[in-house]
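**Student:** Going by the working numbering, the first sequence opens with residue 1135, and the numbers climb by one from there.
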Amino acid sequence: MDNTEIKSLNFIEEIVEEDLRAGKNNSRVHTRFPPEPNGYLHIGHAKAICLSFGIAQKYNGKCNLRFDDTNPVTEDVEYVDSIREDIQWLGFNWEGEAHYASDYFDRLYEWAIVLIRKGKAYVDETSAEDISSERGIPTQPGKESACRNQSVEENLDLFERMKNGEFADGTRVLRAKIDMSSPNMHMRDPVLYRIKHCDHHRTGNKWCIYPMYDWAHGQSDYIEGITHSLCTLEFEVHRPLYDWCLDQIAEGDYRPRQIEFARLNLNYTVMSKRRLLQLVNEDLVNGWDDPRMPTICGLRRRGYTPEALRNFAETVGIAKRENVIELTLLEHCLRDDLNKIARRVMVVSNPLKVVIENYPEGKTEMMDAENNPEDESAGMREMPFSREVFIEADDFMEEPAKKFFRLSPGNEVRLKNGYIVMCTGVDKDPVTGSILQVRCTYDPLTRSGLEGSNRKVKATIHWVSAQHAVDVEVRLYDRLFSKDDPDEVEEGLDWKSNLNPDSLKIITAKAEPSLASAKAGEKYQFQRTGYFCVDKDSTASRLVYNRTVTLKDNWAKIASRT
RNA sequence: UGCCCUGUAGUGUAAUUGGUUAACACGUCUGACUCUGAAUCAGAAGACUCUAGGUUCGAGUCCUAGCAGGGCAACCA
1135 MDNTEIKSLN FIEEIVEEDL RAGKNNSRVH TRFPPEPNGY LHIGHAKAIC LSFGIAQKYN
1195 GKCNLRFDDT NPVTEDVEYV DSIREDIQWL GFNWEGEAHY ASDYFDRLYE WAIVLIRKGK
1255 AYVDETSAED ISSERGIPTQ PGKESACRNQ SVEENLDLFE RMKNGEFADG TRVLRAKIDM
1315 SSPNMHMRDP VLYRIKHCDH HRTGNKWCIY PMYDWAHGQS DYIEGITHSL CTLEFEVHRP
1375 LYDWCLDQIA EGDYRPRQIE FARLNLNYTV MSKRRLLQLV NEDLVNGWDD PRMPTICGLR
1435 RRGYTPEALR NFAETVGIAK RENVIELTLL EHCLRDDLNK IARRVMVVSN PLKVVIENYP
1495 EGKTEMMDAE NNPEDESAGM REMPFSREVF IEADDFMEEP AKKFFRLSPG NEVRLKNGYI
1555 VMCTGVDKDP VTGSILQVRC TYDPLTRSGL EGSNRKVKAT IHWVSAQHAV DVEVRLYDRL
1615 FSKDDPDEVE EGLDWKSNLN PDSLKIITAK AEPSLASAKA GEKYQFQRTG YFCVDKDSTA
1675 SRLVYNRTVT LKDNWAKIAS RT
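(1) In whole angstroms, give me the CA-to-CA distance for D1215 and M1321.
(2) Less than 6 Å between C-beta atoms, sequence neighbours within five positions excluded: which residues of the same chain meet that for Y1344?
(3) Counting C-beta neighbours from all protein chains within 10 Å, is the total for L1627 16 or more, i.e. buried, or is it exposed?
(4) Pick out whichever of N1680, E1495, L1380, H1372 has its Cα sitting closest to the Cα of T1360.
(5) Confirm, please, whether the CB-CB distance from I1525 to I1569 is below 8 Å.
(6) Which residue's Cα is closest to the Cα of T1165: E1287, R1336, P1324, S1354?
(7) Restricting to Cα atoms, I'd like to know which of R1444, E1358, C1667 is closest to G1230.
(8) Put L1701 into one of helix, strand or coil per three-state DSSP.
(9) Have a look at E1394 and R1373 and give me their C-alpha separation to the nearest angstrom.
(10) Is T1594 helix, strand or coil by DSSP?
(11) Residue range of the alpha helix (DSSP H) that N1445 falls in?
(12) Which residues share a DSSP beta bridge with K1644?
(13) Keeping to the same chain, check which residues put their C-beta closer than 6 Å to that of G1559; ignore five residues upstream and five downstream.
(14) Can you list, in chain order, the residues of its chain with a C-beta nearer than 6 Å to that of K1550? Leave out the 5 residues immediately preceding and following it.
(15) For I1189, collect the residues of the same chain with a Cβ closer than 8 Å to its Cβ; drop the 5 residues on either side in sequence, then sort them by chain order.
(16) List, from N- to C-terminal side, the beta strand (DSSP E) runs of 3 residues or more that fit wholly inside the stretch 1549 to 1578.
(17) For Q1274, is the classification buried or exposed, using 16 other Cβ atoms within 10 angstroms of its Cβ as the cut-off for buried?
(18) In terms of alpha-carbon separation, which member of D1387, F1293, S1648, K1454 lies closest to G1157?
(19) Provide the residue span of the alpha helix (DSSP H) that contains M1405, from first to last.
(20) What is the residue span of the beta strand (DSSP E) that G1432 lies within?
(21) Output the residue ranges of the alpha helix (DSSP H) runs that lie fully inside the stretch 1372 to 1424 and measure 4 residues or longer, sorted by chain position.
(22) Residues in its own chain within less than 6 Å of T1588 by CB, not counting five upstream and five downstream?
(23) Could you give the distance in angstroms between the alpha-carbon of E1465 and the alpha-carbon of V1683?
(24) Kindly indicate the opening and closing residues of the beta strand (DSSP E) around R1155.
(25) Have a look at C1557, N1445, T1337, M1514 and flag the residue whose alpha-carbon is nearest the alpha-carbon of D1577.
(26) Taking its Cβ as the centre, do 16 or more other Cβ atoms sit within 10 Å of V1371, making it buried, or is it exposed?
(27) Which of the three DSSP states, helix, strand or coil, is assigned to F1293?
(28) Does the stretch 1625 to 1641 come close enough to the stretch 1440 to 1456 to have 3 or more Cβ pairs within less than 8 Å?
(29) Which residue's Cα is closest to the Cα of T1642: A1255, C1342, T1580, L1610?
(30) Which residues in the same chain have their Cβ closer than 8 Å to the Cβ of G1664, if we skip the five residues on either side of it in sequence?
(31) Which residue from L1463, W1349, V1555, I1459 puts its Cα closest to that of R1241?
(32) What is the DSSP secondary structure of H1334, counted as helix, strand or coil?
(33) Give the range of the alpha helix (DSSP H) segment to which C1467 is assigned.
(34) Shortest alpha-carbon distance to K1311 belongs to which of V1325, E1300, D1303?
(35) Specify, as a first and last residue, the run of the beta strand (DSSP E) that G1664 falls within.
(36) Could you pull the start and end residues of the beta strand (DSSP E) that I1697 belongs to?
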């Protein structure tokens, strides 16, 4: 009702506004989205993207794209490309060229030397296992490394030799010298550099030592002039280290600020890259862009729109508490958008033949149909009507249930965009008793659009002319997991035991002829059944439609009420 | 037995920063409408604001102590 309603700020916007008021960082707002290119983006990333880019937009700031490519063994250009594509598809443009943490390897190295010179970092030759055990446990302090008090000169020399490739992988690391008894495990002399004789997808073989996240991230933010560095909650305990690293190298007042928020969780969905990769590798789905996947490319193929996803991100909000969003909210955001843009078409998924006995044999009439009643600019189309049509088997009941208003013997319904017909009889298989076809008569005065066609009937059903119908392959997708929480598993089973065996059903449906020329990516609403999208693999000889989302169906309620 | 974070209808997010009947969206349930039983519209139910104390004229909001959930011990990010 009230359009003047003011949207409340989320807590990050509050922080940004406070910083702005206080004139911090010359009142600039500069965020960044920093994916590691080791997998495809999913809807959780979409939330993060909308947040970081959204804050920049709202406060006339900038948002960078930065690939956090500090671990060459897991990263690949394939992912870099998909990430760029997905962000743009979502409707966001990053500031300038994309950045890479690897662009800063030289500077990071120099800064590491500064750190060593200050006596705040040392080269440790302790094995990984020993470092781990010396670190202690959260409830007990750790033990200082034997290398901790080496001279600066020694550390400088060793670090250079690390860089020069004199040491094998895993034999040395550079560690910050902070506090081995800190209650925060990340402050117990964290590793800053490790040796990996491994080609990097951008720097090739230039480096054999690579910085760790903690040494690279804040420094990269600093280099790029980031003011608000938004990340998920699991980095909360890293924040003191983030700040510590910056304090070692930063000059002046400018400091990027790390702010954490809760990541998105969806019920019936797994979100971790590890698990999504498993689904792909074990052929439990058909690739990263399988329409059942929560990846952005999967959602795109499924028929989701950027608008729906952005609106969803806005609706779920930002907070610090753990959350599990209901899939129904995502679906609502999607229907909301699709309802405005999807063309209404007739597709009969479970056909039942209707013979209109008083309609001339061999005659065809072209009926006018609105493409979208909510959008005049979508125009009209014609669809053929003839003596035999298919209707949805569900739309006929020989013995109608209570409040069933559709076709039943003696009852009239409107064939949408066509005529009002009355059921006069049913032909059944004499042996099995199953319904073969339904007989009707039509009222010629009730043709859609005609004078005197305004007679009210209790129901309207969709149909398609039997002789003109085209067959389409319809892929009915359902949730990938059968349990609300995929992690809730029986003893001895793993999360994959919760995969929904009915997450994909393929049927052949009878569609109106106009669907034969649909193009990949186009969105349709099949009357009364759901929203569909033309699959990328669809061809003229094999028409493939993905079900994007179902329509609400009150029929189910009515049936259960009887 | 450490440190950090978080507890508001089924779900998520709010609450003019200490102010009165705790709001909005999704979901659920009713009903209206009918050339899609969709959409739309109208309405309803649903919250001892984790608990117990305290401060205050007044607490979802501040304090104390509990409890519950999550995170932290990768040479991952």
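Don't be surprised by glycine CBs; every beta carbon is placed ideally from N, CA and C.
**Tutor:** The structure says:
(1) As a working mapping, residue 1215 is identified with position 81 in the first sequence. As a working mapping, residue 1321 is identified with position 187 in the first sequence. Rounded to the nearest angstrom, the two C-alpha atoms are 35 Å apart.
(2) To locate residue 1344, count along the first sequence from 1; it is residue 210. The residues are T1204, K1330.
(3) Numbered from 1 along the first sequence, position 493 holds the residue referred to as residue 1627. Burial call: exposed.
(4) As a working mapping, residue 1360 is identified with position 226 in the first sequence. At residue 1360 the sequence reads Ile, which differs from the Thr that was named. The option with the nearest alpha carbon to I1360 is L1380.
(5) Locating residue 1569 in the first sequence gives position 435, counting from the first residue. Locating residue 1525 in the first sequence gives position 391, counting from the first residue. No. Outside cutoff.
(6) Position 31 of the first sequence, counted from the start, is the residue given in the question as residue 1165. Measuring from the Cα of T1165, the nearest candidate turns out to be S1354.
(7) Counting from 1 along the first sequence, the entry for residue 1230 is found at position 96. Closest by alpha carbon: E1358.
(8) A question about residue 1701 goes unanswered here, because the residues of the chain that appear run from 1135 up to 1696.
(9) Within the first sequence, numbered from 1, the residue matching residue 1394 stands at position 260. Within the first sequence, numbered from 1, the residue matching residue 1373 stands at position 239. Roughly 9 Å between the two C-alpha positions.
(10) Residue mapping note: residue 1594 aligns to position 460 of the first sequence, counting from 1. It is a strand residue.
(11) To locate residue 1445, count along the first sequence from 1; it is residue 311. Looking at the DSSP string, the run of the alpha helix (DSSP H) that includes N1445 is 1440 to 1450.
(12) Residue numbering aside, residue 1644 sits at position 510 when the first sequence is read from its first letter. BP columns for K1644 point to V1482, D1605.
(13) Locating residue 1559 in the first sequence gives position 425, counting from the first residue. R1573, listed in sequence order.
(14) Locating residue 1550 in the first sequence gives position 416, counting from the first residue. Closer than 6 Å at Cβ, skipping near neighbours: T1594, H1596.
(15) Numbered from its first residue, the first sequence carries residue 1189 at position 55. I1146, E1147, V1150, V1163, T1165, G1195, C1197, H1362, L1364, listed in sequence order.
(16) 1554 to 1562, 1569 to 1577
(17) What you label residue 1274 is simply residue 140 of the first sequence in a count that begins at 1. With fewer than 16 Cβ atoms within 10 Å of its Cβ, Q1274 is classed as exposed.
(18) Stepping through the first sequence from its first residue, residue 1157 is reached at position 23. Looking at the Cα atoms, D1387 is the closest of the given residues.
(19) One-based indexing of the first sequence puts residue 1405 at position 271. Careful: M1405 lies outside any alpha helix (DSSP H) and carries neither H nor E.
(20) What you label residue 1432 is simply residue 298 of the first sequence in a count that begins at 1. Where G1432 is concerned, there is no enclosing beta strand (DSSP E), although the alpha helix (DSSP H) it sits in stretches over 1430 to 1436.
(21) 1373 to 1383, 1407 to 1415
(22) On the first sequence, residue 1588 is found 454 positions in, with the first residue counted as 1. According to the sequence shown, residue 1588 is Asn rather than Thr. So the list is empty, once near-sequence residues are dropped.
(23) Mapped onto the first sequence, residue 1465 falls at position 331. Mapped onto the first sequence, residue 1683 falls at position 549. Distance between the alpha carbons of E1465 and V1683 is about 7 Å.
(24) Locating residue 1155 in the first sequence gives position 21, where the first residue counts as 1. No beta strand (DSSP E) contains R1155, which is instead part of the alpha helix (DSSP H) from 1145 to 1155.
(25) Here residue 1577 corresponds to residue number 443 of the first sequence, with the count starting at 1. Cα-wise, what sits closest to D1577 is C1557.
(26) Walking along the first sequence from the start, residue 1371 turns up at place 237. So V1371 ends up on the exposed side.
(27) As a working note, residue 1293 is residue 159 in the first sequence. Three-state DSSP puts F1293 in a helix.
(28) no
(29) For this step, residue 1642 is matched to residue 508 along the first sequence. Looking at the Cα atoms, L1610 is the closest of the given residues.
(30) Counted from its first residue, the first sequence places residue 1664 at position 530. For G1664, where only same-chain residues beyond five positions count, the Cβ hits under 8 Å are R1681, T1682, V1683, T1684, L1685.
(31) Taking the first residue of the first sequence as position 1, residue 1241 is located at position 107. Checked all of L1463, W1349, V1555, I1459; the closest Cα to R1241 is W1349.
(32) For this step, residue 1334 is matched to residue 200 along the first sequence. Strand at H1334.
(33) Numbered from 1 along the first sequence, position 333 holds the residue referred to as residue 1467. Run containing C1467: 1461 to 1475, per the alpha helix (DSSP H) assignment.
(34) Taking the first residue of the first sequence as 1, we reach residue 1311 at position 177. Closest option to K1311, Cα to Cα, is V1325.
(35) Working through the first sequence from its first residue, we reach residue 1664 at position 530. From DSSP, the beta strand (DSSP E) with G1664 extends over 1664 to 1668.
(36) Since the first residue shown for the chain is 1135 and the last is 1696, residue 1697 is missing from the structure and cannot be characterised.
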